[in-house]
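In UniProt numbering, the protein residues as written are 1 to 137.
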Amino acid sequence: SPAGMLLSVLVILLLSVLYEAVKMGKAVLLQRALLALPRSLSQEGLSQPQEEEEDSRDSRDSSPAQGRLRVGVIPAAPAPADGVSHLLPRWFWFHVAQTLFHVLQVVLGYMVMLAVMSYNGWIFLGAIAGSTLGYFM
């Protein structure tokens with residue numbers, strides 16, 4: 001019936017909008033998770049060289065293998081200000097949320113894909129319009 005088809009197209013359109021919203025939410029969560037990472041675990045800490053302290057070097061050994069810069073050395077994480085270590089750090093909860101968003105994104109994507117695989121032109125246009133609208137918002 002025409003009313004059933006219109007309802008189906010509307011549901012697929014909303015699922016596509018929700019898919020795009022989840023995709024953007026996952027990107028925002030990734031950015032927040034990277035900001036929550038301690039400096040010792042971030043990419044900058046892995047790629048920037050650190051200077052060795054002068055007094056820690058043995059002045060009698062001047063071999064060329066021992067230089068002033070150590071590349072790839074990860075500095076120790078600073079202790080929490082209150083002295084209490086947290087069982088699960090903040091970035092872990094961001095990772096859990098990202099995982100749940102990913103599962104939701106996969107489920108929504110497969111639902112839209114199965115609807116499009118019905119080879120109905122109106123359903124296909126509803127999925128395209130929903131994806132376009134979701135990305136625009």
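Note that the Cβ used here is the ideal one computed from N, Cα and C, for glycine as well. Note that this is a predicted model, so its numbers are computed, not measured.
- The Cβ atoms of W93 and L37 lie no closer than 8 Å to each other.
- In the same chain as V9, and ignoring 5 residues on each side of it, the C-beta atoms closer than 7 Å to its own belong to W122, I123 and G126, in chain order.
- Taking C-alpha positions only, V103 is separated from V17 by approximately 16 Å.
- The alpha-carbon separation between A21 and T99 amounts to approximately 15 Å.
- Here DSSP, grouped into helix, strand and coil, assigns M137 to coil.
- S118 is classed as exposed because its beta carbon has fewer than 16 other beta carbons within 10 Å across all chains shown.
- The straight-line gap separating the alpha-carbon atoms of V106 and P2 is approximately 30 Å.
- By the neighbour-count criterion, in which a residue is buried when 16 or more other Cβ atoms sit within 10 angstroms of its Cβ, G4 is exposed.
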